[in-house]
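A.B. asks: Residue numbers (the numbering used here), protein chains in the order written: chain A, 1 to 402; chain B, 403 to 804.
One structure, as structure tokens, below. Some questions next.
Number of protein chains: 2
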Amino acid sequence: MHVAEVNQRLVASPVLRQLSVRSVMERLLLDGATSRASLSRVTGLSKQTISEVMLVLTERGWVKESGMISGGVGRTAVRYEIDATAGFALGLDLGASTLRGVLVDISGTIVAQHELAADGQGGQLPAQAKLLKQILLDAAKAPAERLQIATVATPGVMSPQGRLDLAPNLPGIGELDLAGQLRASLDCQVMFENDVNAAALGEYWEAGENADNHFAFISIGTGVGLGILVDGQLLRGSSLAAGEIGYLPLGGDPFAPQSLEQGALESSIGATGILQRFARLGGSAQTVREIFDRLEAGDSAAEQTIDETARIAALLVLTVTSVIDPDRVVFGGNIGGRSELVRRIADWMPKVQKRPIRVEASSLGPRATVMGAAAMSLGQMHNSLFSTLEVPGRLGLPTLRQ
Amino acid sequence: MHVAEVNQRLVASPVLRQLSVRSVMERLLLDGATSRASLSRVTGLSKQTISEVMLVLTERGWVKESGMISGGVGRTAVRYEIDATAGFALGLDLGASTLRGVLVDISGTIVAQHELAADGQGGQLPAQAKLLKQILLDAAKAPAERLQIATVATPGVMSPQGRLDLAPNLPGIGELDLAGQLRASLDCQVMFENDVNAAALGEYWEAGENADNHFAFISIGTGVGLGILVDGQLLRGSSLAAGEIGYLPLGGDPFAPQSLEQGALESSIGATGILQRFARLGGSAQTVREIFDRLEAGDSAAEQTIDETARIAALLVLTVTSVIDPDRVVFGGNIGGRSELVRRIADWMPKVQKRPIRVEASSLGPRATVMGAAAMSLGQMHNSLFSTLEVPGRLGLPTLRQ
DNA sequence: TTCATTCGTCATGCTTACGAACAAATGGGT
DNA sequence: ACCCATTTGTTCGTAAGCATGACGAATGAA
Chain A
1 MHVAEVNQRL VASPVLRQLS VRSVMERLLL DGATSRASLS RVTGLSKQTI SEVMLVLTER
61 GWVKESGMIS GGVGRTAVRY EIDATAGFAL GLDLGASTLR GVLVDISGTI VAQHELAADG
121 QGGQLPAQAK LLKQILLDAA KAPAERLQIA TVATPGVMSP QGRLDLAPNL PGIGELDLAG
181 QLRASLDCQV MFENDVNAAA LGEYWEAGEN ADNHFAFISI GTGVGLGILV DGQLLRGSSL
241 AAGEIGYLPL GGDPFAPQSL EQGALESSIG ATGILQRFAR LGGSAQTVRE IFDRLEAGDS
301 AAEQTIDETA RIAALLVLTV TSVIDPDRVV FGGNIGGRSE LVRRIADWMP KVQKRPIRVE
361 ASSLGPRATV MGAAAMSLGQ MHNSLFSTLE VPGRLGLPTL RQ
Chain B
403 MHVAEVNQRL VASPVLRQLS VRSVMERLLL DGATSRASLS RVTGLSKQTI SEVMLVLTER
463 GWVKESGMIS GGVGRTAVRY EIDATAGFAL GLDLGASTLR GVLVDISGTI VAQHELAADG
523 QGGQLPAQAK LLKQILLDAA KAPAERLQIA TVATPGVMSP QGRLDLAPNL PGIGELDLAG
583 QLRASLDCQV MFENDVNAAA LGEYWEAGEN ADNHFAFISI GTGVGLGILV DGQLLRGSSL
643 AAGEIGYLPL GGDPFAPQSL EQGALESSIG ATGILQRFAR LGGSAQTVRE IFDRLEAGDS
703 AAEQTIDETA RIAALLVLTV TSVIDPDRVV FGGNIGGRSE LVRRIADWMP KVQKRPIRVE
763 ASSLGPRATV MGAAAMSLGQ MHNSLFSTLE VPGRLGLPTL RQ
């Protein structure tokens with residue numbers, strides 16, 4: 001009878017119960033398995049309320065009993081934990097050369113990860129994404145219907161029409177209804193995110209307990225990009241163009257025609273710019289990786305090339321810290337993630353800024369983007385399941401009357 | 403009996419009732435006076451819940467009856483409105499030459515504004531602030547105990563020790579326990595804010611309904627500064643240094659010793675930099691205002707000076723839009739607020755950035771800072787009185803487990 | 001074996017909110 | 001003048017959610 005009663009109540013799922021459920025799930029997600037009495041102490045809710053909430057959560061399948069807690073003084077407690085298999089979240093990174101996927105369960109544990117070589121044809125992306133999804137679900141023995149949500153990280157910006165703009169490394173991709181096709185292929189709720197933003201979130205997530213509220217991630221590879229986290233939230237900007245730093249007036253004349261086309265900063269410290277610099281100094285290389293190899297071998301042109309790149313990147317760090325004052329700046333991407341470069345950037349910093357600033361190399365490397373995509377999926381899954389977004393936190397300012 | 407019952411209930415002021423009170427106050431703040439039945443329809447709460455909430459609010463003095471609503475079909479309704487005299491919020495702008503004050507009532511209406519000439523001695527600030535407060539309260543016939551909160555906007559940054567750092571225009575101010583003295587003088591809750599941040603908030607508030615979520619305010623005067631609003635909230639940065647753009651590598655060699663001391667951008671488009679530029683071009687002027695006067699008179703050195711300043715300011719706009727992508731950029735300050743300058747900045751923009759960006763002059767002028775300070779006070783007063791900040795909106799990410 | 005401690009349930013009461021019914025007030029139509 | 005639809009706002013009964021305190025159960029320590 002008690003059970004039936006609770007079931008009836010929760011058809012409408014009123015605000016107060018939502019808040020209680022949310023508190024309990026938050027504690028379980030952050031602290032792991034505990035007893036009901038312990039949850040009662042931590043959340044401040046009464047034992048009675050906790051028991052009701054747990055009843056609901058177990059019925060819905062989000063939480064399960066997981067043995068007993070004994071050993072201390074007093075009665076043995078029933079331990080509850082999140083049923084990690086209750087829901088899964090997918091992160092995909094659709095890069096120009098590699099497709100990466102990470103599957104996490106509801107507790108935030110990575111249960112599968114895999115990568116595929118891109119087959120070069122942009123049109124194959126939806127099919128390859130579907131394949132990757134299936135591989136990951138199979139590897140984790142996760143039933144497809146438990147996949148709640150996927151986040152797809154791509155270069156460029158997903159337009160409202162579902163087309164991918166500003167992604168020159170994925171030729172022909174702008175013609176497709178990529179969003180629609182991916183939604184169909186993945187057969188779940190799909191979100192899209194810029195790859196640099198996702199990488200920023202990935203690095204932030206990976207830093208875990210030490211994560212700072214304000215965080216900047218700078219990617220240097222074929223292009224340059226910036227991802228910003230403010231209070232743990234991605235800063236996307238009014239037209240989703242925050243962090244599009246290719247046109248920053250650094251490293252070249254911003255009024256030159258080429259700067260207006262390709263961007264002064266990107267022309268200067270993007271892969272092409274670095275190669276050109278190396279060539280001007282008398283070196284010859286097909287890839288930036290080769291330049292780093294020469295650097296290791298003691299080649300002075302390579303040394304000059306990388307140091308000049310670091311000098312301009314230091315100005316970029318100065319720019320970012322001046323504007324948004326992050327706690328630290330993390331570099332990633334094929335080029336930006338090289339410790340030889342980051343070390344030199346850090347060396348340049350005192351010459352342009354008195355205030356010390358933490359400049360670090362990405363700790364996830366090429367996996368940053370896919371991890372961030374998974375984090376986005378996970379966060380969205382949690383919030384859609386357990387959050388109370390309809391309860392607004394702060395009042396806005398009233399209209400000004402004068 | 404009913405009344406007594408309600409009183410008892412609200413001693414603890416539980417979450418659910420807080421939410422109801424909040425909804426009602428929000429509607430009253432945004433929509434003005436209405437009847438209870440109308441509030442019931444708008445908020446979705448039942449009529450008698452609204453009646454109970456209104457009973458509480460009238461007892462507490464936040465809301466009062468204000469006549470009847472008749473004329474339509476059906477019974478005449480009792481109209482309720484916020485009792486604007488229930489609480490007042492103060493905004494102060496302590497500038498180097500002028501002290502400005504604005505007093506707003508709880509509904510967001512400006513009830514008094516005044517300004518005083520600073521007497522030059524930094525040590526007199528607390529006494530002058532007290533005087534200003536009293537003048538404003540008297541002008542509005544507001545009893546002192548109804549003053550809930552004040553926000554003091556100052557140049558530089560208020561250190562945790564209550565001392566004002568980085569404010570060279572207020573000589574000797576760094577020695578005082580300014581925060582403590584102001585708290586004592588003003589005799590209410592006092593918040594502190596950087597003047598540029600406050601001005602950004604002021605402009606944002608003044609834009610009212612058309613306010614955009616992402617907004618950047620650039621101040622050019624003796625120094626240069628930037629205030630950023632993201633989702634209507636000020637972006638302050640990890641060490642409260644967001645928007646300290648004086649050191650941006652624009653308009654001068656960032657590696658020059660002077661740039662490390664005074665900042666490349668500030669040396670270039672701060673007042674001193676502009677005067678030096680004018681002098682290099684053969685002109686002579688004591689103040690930037692004179693240069694603008696010559697500009698109007700057709701002086702070509704003045705024209706060149708201002709245009710070069712605009713050119714560098716355009717690079718600053720490019721920098722800000724590249725990083726945070728605001729919907730528009732507003733210029734203010736003694737120099738930045740001049741339309742002759744802003745027009746030239748806007749003219750330079752297409753030469754460095756294809757994407758159009760709204761560049762505008764401040765509409766509040768020198769009052770932007772004090773208005774922003776008042777807005778901060780008002781917002782804080784509303785949130786402390788009626789908000790439910792203990793109810794968190796979004797779940798954070800769980801710890802990464804791999 | 002006793003006892004303090006802890007876990008979890010039960011019964012009870014308080015607070016909040018809602019819906020239905022109803023009284024009161026009002027304008028329009030006849 | 002009268003009726004009626006409409007709207008406002010109150011009263012009353014009911015349901016939901018949570019807290020409190022009592023209580024049984026389980027457990028380790030003395």
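For each residue, glycine too, the CB sits at the ideal point set by N, CA and C.
Small disclaimer: the values here were computed from a predicted structure and weren't measured.
Runs of 3 residues minimum, wholly inside the stretch 731-797 of chain B: which ones carry the beta strand (DSSP E) assignment?
C.D. replies: Whole beta strand (DSSP E) segments, 3+ residues: 760-763.
A.B. asks: Hey, would you say L418 (chain B) sits closer than 8 Å to V15 (chain A), going by beta carbons?
C.D. replies: By 1-based counting over the second sequence, the position of residue 418 (chain B) is 16. By 1-based counting over the first sequence, the position of residue 15 (chain A) is 15. In this structure, V15 (chain A) lies closer than 8 Å to L418 (chain B) by Cβ.
A.B. asks: Under DSSP, the beta strand (DSSP E) around R22 (chain A) begins and ends at which residues?
C.D. replies: For the purposes of this step, residue 22 (chain A) is taken as residue 22 along the first sequence, with counting starting at 1. Per DSSP, R22 (chain A) belongs to no beta strand (DSSP E); it is in the alpha helix (DSSP H), 15-31.
A.B. asks: Using the C-alpha atoms, what's the distance from L186 (chain A) back to Q148 (chain A)?
C.D. replies: The sequence position of residue 148 (chain A) within the first sequence is 148, counting from 1. The sequence position of residue 186 (chain A) within the first sequence is 186, counting from 1. Each residue's alpha carbon lies about 10 Å from the other.
A.B. asks: List, in chain order, every chain A residue whose beta-carbon is nearer than 9 Å to that of D727 (chain B).
C.D. replies: Position 325 of the second sequence, counting from 1, holds the residue named residue 727 (chain B). Those within 9 Å of D727 (chain B) in chain A are L235, R236, G237, S238, S239, L240, A241, A242, G243, E244.
A.B. asks: Give the DSSP-derived three-state secondary structure of R481 (chain B) in the structure shown.
C.D. replies: Within the second sequence, numbered from 1, the residue matching residue 481 (chain B) stands at position 79. Strand at R481 (chain B).
A.B. asks: Hey, could you find the ends of the beta strand (DSSP E) L492 (chain B) is sitting in?
C.D. replies: The residue given as residue 492 (chain B) occupies position 90 in the second sequence. First-last of the beta strand (DSSP E) with L492 (chain B): 490-496.
A.B. asks: By DSSP's criteria, A519 (chain B) is part of a beta bridge. Which residues make up the other side?
C.D. replies: Reading the second sequence from its first residue, position 117 is the one you call residue 519 (chain B). BP columns for A519 (chain B) point to B:T500.
A.B. asks: Look at the Cβ atom of A555 (chain B), then the Cβ atom of L494 (chain B), and state whether they are nearer than 8 Å.
C.D. replies: Taking the first residue of the second sequence as position 1, residue 555 (chain B) is located at position 153. Taking the first residue of the second sequence as position 1, residue 494 (chain B) is located at position 92. Yes; because the gap between Cβ atoms is below 8 Å, this pair is in contact.
A.B. asks: For the alpha helix (DSSP H) holding E595 (chain B), just list the boundary residues, first then last.
C.D. replies: In the second sequence, residue 595 (chain B) corresponds to position 193, counting from 1. From DSSP, E595 (chain B) is part of no alpha helix (DSSP H) but of the beta strand (DSSP E) over 591-596.
A.B. asks: May I have the straight-line CA-CA distance separating E608 (chain B) from M773 (chain B), to the nearest angstrom?
C.D. replies: Walking along the second sequence from the start, residue 608 (chain B) turns up at place 206. Walking along the second sequence from the start, residue 773 (chain B) turns up at place 371. Cα to Cα, E608 (chain B) sits roughly 8 Å from M773 (chain B).
A.B. asks: Which residues, in chain order, does the stretch 587-611 of chain B contribute to contact with chain A at a C-beta distance below 8 Å?
C.D. replies: Correct list: W607, E608, G610, E611.
A.B. asks: Ordered along the chain, which non-local residues of its own chain (more than five positions away) have a Cβ less than 8 Å from that of S38 (chain A)?
C.D. replies: Here residue 38 (chain A) is taken as the residue at index 38 of the first sequence, counted from 1. If we look at S38 (chain A) and ignore the five residues flanking it on each side, its Cβ neighbours are A77.
A.B. asks: Which same chain residues end up closer than 6 Å to Q387 (chain B) when comparing Cβ atoms and leaving out the 5 residues on each side of it in sequence?
C.D. replies: What the structure shows of chain B is the stretch from 403 to 804, and residue 387 (chain B) is not part of that stretch, so it cannot be assessed.
A.B. asks: Helix, strand or coil: how does DSSP classify T399 (chain A) here?
C.D. replies: Position 399 of the first sequence, counted from the start, is the residue given in the question as residue 399 (chain A). Of the three classes helix, strand and coil, the one that applies to T399 (chain A) here is coil, per DSSP.
A.B. asks: Mind listing the chain B neighbours of K351 (chain A)? Cutoff is C-beta to C-beta under 9 Å, in chain order.
C.D. replies: Counting from 1 along the first sequence, the entry for residue 351 (chain A) is found at position 351. Per Cβ cutoff of 9 Å: P656, F657, L662.
A.B. asks: State the start and end residues of the unbroken beta strand (DSSP E) segment that holds T553 (chain B).
C.D. replies: Counting from 1 along the second sequence, the entry for residue 553 (chain B) is found at position 151. Per DSSP, T553 (chain B) belongs to the beta strand (DSSP E) from 549-556.
A.B. asks: In whole angstroms, give me the CA-to-CA distance for A313 (chain A) and D347 (chain A).
C.D. replies: Working through the first sequence from its first residue, we reach residue 313 (chain A) at position 313. Working through the first sequence from its first residue, we reach residue 347 (chain A) at position 347. One C-alpha to the other measures close to 11 Å.
A.B. asks: So V647 (chain B) and L667 (chain B) are supposed to be a Cβ contact under 8 Å. How far apart are they, rounded?
C.D. replies: The residue you call residue 647 (chain B) lines up with position 245 of the second sequence. The residue you call residue 667 (chain B) lines up with position 265 of the second sequence. Looking at the sequence itself, residue 647 (chain B) is Ile, so the reference to Val does not match. Their Cβ separation, rounded to whole angstroms, is 6 Å, which keeps I647 (chain B) and L667 (chain B) in contact under 8 Å.
A.B. asks: Can you give me the C-alpha to C-alpha distance between R9 (chain A) and P398 (chain A), rounded to a whole angstrom?
C.D. replies: Taking the first residue of the first sequence as 1, we reach residue 9 (chain A) at position 9. Taking the first residue of the first sequence as 1, we reach residue 398 (chain A) at position 398. At R9 (chain A) the pLDDT is 28, less than 50, meaning the model places this residue with poor confidence; the figure from the coordinates comes in the next sentence. Going from the Cα of R9 (chain A) to the Cα of P398 (chain A) covers about 37 Å.
A.B. asks: So, with DSSP's three-state summary, where would you put T721 (chain B)?
C.D. replies: Here residue 721 (chain B) corresponds to residue number 319 of the second sequence, with the count starting at 1. Reduced to three states, the DSSP call for T721 (chain B) is helix.
A.B. asks: Check whether the stretch 672-683 of chain B touches the stretch 613-628 of chain B, taking contact to mean three or more Cβ pairs, one atom from each stretch, closer than 8 Å.
C.D. replies: Judged by Cβ distances under 8 Å, the stretch 672-683 of chain B makes contact with the stretch 613-628 of chain B, as three or more pairs qualify.
A.B. asks: Of all the options B:R462, B:P562, B:A519, which has the alpha carbon lying nearest to the alpha carbon of T500 (chain B)?
C.D. replies: Translated into the one-based positions of the second sequence, residue 500 (chain B) becomes position 98. The candidate whose alpha carbon is nearest that of T500 (chain B) is B:A519.
A.B. asks: Does the separation of the CB atoms of S35 (chain A) and I82 (chain A) fall below 8 Å?
C.D. replies: On the first sequence, residue 35 (chain A) is found 35 positions in, with the first residue counted as 1. On the first sequence, residue 82 (chain A) is found 82 positions in, with the first residue counted as 1. Against a cut-off of 8 Å, the Cβ pair of I82 (chain A) and S35 (chain A) comes out as no contact.
A.B. asks: Determine whether the Cβ of H616 (chain B) lies closer than 8 Å to any Cβ atom of chain A.
C.D. replies: Along the second sequence, one-based indexing puts residue 616 (chain B) at 214. Output row for H616 (chain B): interface = yes.
A.B. asks: Looking at the strands, I want to know which residues DSSP matches up with D567 (chain B).
C.D. replies: Numbered from 1 along the second sequence, position 165 holds the residue referred to as residue 567 (chain B). Bridge partners of D567 (chain B): B:V559.
A.B. asks: Among B:T723, B:S453, B:L496, B:T711, which one has its Cα closest to the Cα of R745 (chain B)?
C.D. replies: The count along the second sequence starts at 1 and reaches residue 745 (chain B) at position 343. Nearest of B:T723, B:S453, B:L496, B:T711 to R745 (chain B), Cα basis: B:T711.
A.B. asks: At what residue ranges does the stretch 247-288 of chain A contain a whole run of the alpha helix (DSSP H), taking only runs of 4 or more?
C.D. replies: 257-262, 264-269, 271-280, all fully within the stretch 247-288 of chain A.
A.B. asks: Look at the Cβ atom of L505 (chain B), then the Cβ atom of A544 (chain B), and state whether they are nearer than 8 Å.
C.D. replies: As a first step, residue 505 (chain B) is located in the second sequence; it is residue number 103 there, counting from the start. As a first step, residue 544 (chain B) is located in the second sequence; it is residue number 142 there, counting from the start. Yes. Within cutoff.
A.B. asks: Contact between the stretch 755-768 of chain B and the stretch 643-657 of chain B is defined here as three or more beta-carbon pairs at a separation below 8 Å; is this criterion met?
C.D. replies: Short answer: they don't touch.
A.B. asks: Under the assumption that A302 (chain A) contacts R311 (chain A) (Cβ atoms under 8 Å), give the Cβ distance between them as a whole number of angstroms.
C.D. replies: For this step, residue 302 (chain A) is matched to residue 302 along the first sequence. For this step, residue 311 (chain A) is matched to residue 311 along the first sequence. Not a contact, Cβ separation roughly 15 Å.
A.B. asks: With 8 Å as the threshold, decide whether the Cβ of G379 (chain A) is near any Cβ in chain B.
C.D. replies: If you number the first sequence from 1, residue 379 (chain A) lands on position 379. It does; some Cβ of chain B falls within 8 Å.
A.B. asks: Return the chain-ordered list of same chain residues with a C-beta closer than 6 Å to the C-beta of S339 (chain A), the five sequence neighbours on each side being excluded.
C.D. replies: For the purposes of this step, residue 339 (chain A) is taken as residue 339 along the first sequence, with counting starting at 1. So the qualifying residues of the chain are A361.
A.B. asks: From the beta carbon of G108 (chain A), is the nearest beta carbon of chain B less than 8 Å away?
C.D. replies: Numbered from 1 along the first sequence, position 108 holds the residue referred to as residue 108 (chain A). Chain B contact via Cβ: present.
A.B. asks: Going by the CB atoms, is the gap between V53 (chain A) and V24 (chain A) shorter than 8 Å?
C.D. replies: Translated into positions along the first sequence, residue 24 (chain A) becomes position 24. Translated into positions along the first sequence, residue 53 (chain A) becomes position 53. Yes; because the gap between Cβ atoms is below 8 Å, this pair is in contact.
A.B. asks: For T553 (chain B) and M778 (chain B), which I take to be in contact (beta-carbon distance under 8 Å), what is that distance rounded to the nearest angstrom?
C.D. replies: Your numbering for residue 553 (chain B) matches position 151 in the second sequence. Your numbering for residue 778 (chain B) matches position 376 in the second sequence. The Cβ separation is near 4 Å, so the contact holds.
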